[in-house]
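Quick note on the numbering used here: the sequence shown kicks off at 1 and runs consecutively.
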Amino acid sequence: MAAVPIAIGLAWQGAPPLAVFTAALVSIVPLVRLIGDATERLAARLGPTLGGLFNSTLNNLPELIIGGVALANGLAPVVKASLTGAILANLLLSLGVALIAGGIRYGEQRFDPKRLAVNGSMLIICAFCFIVPAMFNIGTPDGTRDLSFEMSFVLIGMYAANVAVTLFGGSGGTSLPEAEGLEDDHPTEPIWRSLLVLVVAAGFLGFVTELLSHALEPTAAQLGLSKTFSGLVLLGGVGSLGEVLSGFHFARRGKPSLVMAATVGSTIQLVLLVAPLLVFAGYVMGQPMDLAFTAFEVVAIVLATIITRELIADGKANWFEGVLLLGVYLILAIGFYHLPE
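Written out as structure tokens, the structure is:
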């Protein structure tokens, strides 16, 4: 947490952008973790149904805050890159780390085949949601923003249907974790304290992201990094830190269903909830935010979706498959590093 006042102090004193960017990026890490811890404690207190919904909805709060602040600063391409980075981090980095951690401790890990099949189908649909705007953008780029705005209503509707079927329709839903599997490490702590931590951490995260957004372009230019790489690997990776830590934590505790919720389920929510909310925010702010990502971003998302789906399709996984997922993530990160602006 010491990095938070350091980042604020550096920005206040007019320090070089690289110093501000580094301090702000480092300070995001504990803030994301605080949000994740507070959310999990509240979810454990609210019961299996409401708690699962609460934990699922707020699981991607850091990505939403980071994207919204960057969008307000006119960094729509960076927002798209950070969304891509969050999706890749969830499917490849977070799940890969979790499979390695669980595999080393328990050997082969097994998942609910019915839920896994639905998750796999939802991942394909999520990939489809990025392919359509990209194809449309090739022939009619001027209409992409309207298409994305209208598509966002459909995505929100799909998210609402997923929540409804999970809460009221048995096991057909996908992305809500089982709150009865969540444990409150501080059972005597009042709920208001967890709520206060959540609100304060979210507020500081928004403020620190504002500092980071202002320092992003000069820092990227100084380091020779493209804005796409900075958004995808740095912002996207840091924003997904909560999922990485949660996946590792659940895997070490032998809770594979919660591993899937923290990784694959979180990815589904990014596409069905966070992405359309950012499109709506861009529409209100007058920023050119749409769902037409670059060709490389779309290909990376589709490949990550297919590879993840194939690796877990048999309902079991081991540490070697986690290594494969990490390898794919590193290959894509290297590719984006060498991708010209």
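All C-beta atoms, glycine included, are put in the ideal place defined by N, C-alpha and C. Every value quoted in this text rests on a predicted model; they were computed, and no experiment measured them.
Residue from the options with nearest C-alpha to residue i
| i | options | result |
| --- | --- | --- |
| Leu325 | Ile8, Leu61, Arg309 | Arg309 |
| Ser94 | Lys316, Gly335, Val271, Ala304 | Ala304 |
| Asp112 | Ala70, Leu273, Lys316 | Lys316 |
| Val132 | Ile6, Gly36, Ala295 | Ala295 |
| Ala281 | Phe130, Leu64, Ser27, Asp37 | Leu64 |
| Gly85 | Leu198, Gly265, Phe229 | Phe229 |
| Val264 | Ile301, Leu235, Tyr283, Leu232 | Ile301 |
| Arg115 | Ala251, Leu245, Pro256 | Pro256 |
| Phe320 | Gln109, Ala202, Gly242 | Gln109 |
| Leu234 | Gln269, Cys129, Ala333 | Ala333 |
| Ala15 | Leu205, Leu88, Ala215 | Ala215 |
| Pro62 | Pro30, Leu42, Asn73, Ala43 | Pro30 |
| Leu339 | Ala262, Ser152, Glu297 | Glu297 |
| Leu277 | Tyr159, Leu232, Pro218, Phe250 | Tyr159 |
| Glu150 | Ile6, Val323, Val279, Asn137 | Val279 |
| Phe21 | Ala89, Phe248, Gly231, Phe130 | Gly231 |
| His249 | Ile28, Val97, Leu147, Ser27 | Val97 |
| Ile35 | Ala201, Val118, Gln269, Ala275 | Ala201 |
| Arg253 | Val165, Gly107, Tyr329 | Gly107 |
| Val26 | Val4, Ala262, Arg41 | Val4 |
| Val323 | Arg45, Val69, Ala70, Ala101 | Ala101 |
| Ile306 | Leu92, Val284, Val259, Arg145 | Leu92 |
| Thr267 | Met122, Thr209, Leu330 | Met122 |
| Leu241 | Ile6, Gly224, Ile28 | Ile28 |
| Asn60 | Ala251, Gly247, Gly286, Glu243 | Glu243 |
| Gly143 | Asn119, Ala2, Asp290, Asn318 | Asp290 |
| Leu42 | Gly74, Asn162, Ser194, Leu75 | Ser194 |
| Ser312 | Ser246, Pro17, Val259, Gln287 | Sequence check: residue 312 is Ile here, not Ser. With distances taken between Cα atoms, Ile312 lies closest to Val259. |
Extent of the continuous alpha helix (DSSP H) run through residue i
| i | result |
| --- | --- |
| Gln269 | 266-269 |
| Met260 | 256-260 |
| Met151 | 144-168 |
| Ala11 | 3-12 |
| Gln222 | 191-223 |
| Val274 | That residue, Val274, is in no alpha helix (DSSP H); it is neither H nor E in DSSP. |
| Leu18 | 17-45 |
| Arg253 | Segment: none, Arg253 is in no alpha helix (DSSP H) and carries neither H nor E. |
| Phe296 | 295-312 |
| Gly68 | 61-72 |
| Ser82 | 76-88 |
| Ala236 | Per the sequence presented here, residue 236 reads as Gly, with Ala not at that position. Where Gly236 is concerned, the enclosing alpha helix (DSSP H) stretches over 236-239. |
Status (buried if at least 16 other CB within 10 Å, exposed otherwise) for residue i
| i | result |
| --- | --- |
| Arg105 | exposed |
| Asp12 | Asp is not the amino acid found at residue 12; the sequence shown has Trp there. The residue is exposed, with fewer than 16 neighbouring Cβ atoms inside 10 Å. |
| Trp192 | exposed |
| Asp314 | exposed |
| Val271 | buried |
| Ser213 | buried |
| Gly236 | buried |
| Phe207 | buried |
| Met135 | exposed |
| Ala179 | Only weak support exists for where Ala179 lies, its pLDDT of 47 falling under 50; the coordinates are left without a value. |
| Val199 | exposed |
| Leu196 | exposed |
| Gly139 | exposed |
| Gln222 | exposed |
| Asp37 | buried |
| Ala23 | buried |
| Ile66 | buried |
| Phe128 | exposed |
| Phe153 | exposed |
| Ile87 | buried |
Residue i - partner residues in DSSP beta bridges
| i | result |
| --- | --- |
| Gln109 | Ala317 |
CB contact below 8 angstroms: residue i versus chain C
| i | result |
| --- | --- |
| Val26 | In the structure shown, chain C does not exist; there is a single protein chain. |
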